[in-house]
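Just so you know, our numbering puts 87 at position 91 of the sequence shown, and the rest follows in order with no gaps.
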Amino acid sequence: VEAGGIGKLVDLARFFLTPDGCDDLGWSAATALSKLARFPGPAEAIKQAGGIGALVALLSCKYAKERECAAMALGNLADHGLAYCTAIKEADGGSFASLRK
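Next comes the structure, spelled out in structure tokens:
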């Protein structure tokens, strides 16, 4: 966390994961973020690096593996409390509403 590796993972996820899909490097970065999001220190680093917005954007991706990975990461972040839930809600640009259809 101190070395800034999480910020680099967020950058990779943001760069390689788009609503149209991703490549293996971007998907791997998002998968790593979903696993790291289970722990308090890395979760805060993901939040501070802007990772929540990138993950929320992936909820509207056309590929299931990207949506699943993003949902898992956001769920792990939400487990850390109300501040994370609020950040996820504020980052939502209508993605959650489209999931209810």
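By construction, the Cβ of each residue, glycine as well, lies at the ideal position given by its N, Cα and C atoms. Because the structure is a prediction, the values reported are computed rather than measured.
- Between residue 33 and residue 87 a beta carbon distance of about 14 Å is seen, past the 8 Å cut, so the two are scored as non-contacting.
- The alpha-carbon of residue 1 is positioned some 25 Å away from that of residue 82.
- Residue 73: member of the alpha helix (DSSP H) spanning 60 to 74, first to last residue.
- With a beta-carbon spacing of about 14 Å, residue 73 and residue 28 fall beyond the 8 Å limit used to define contacts.
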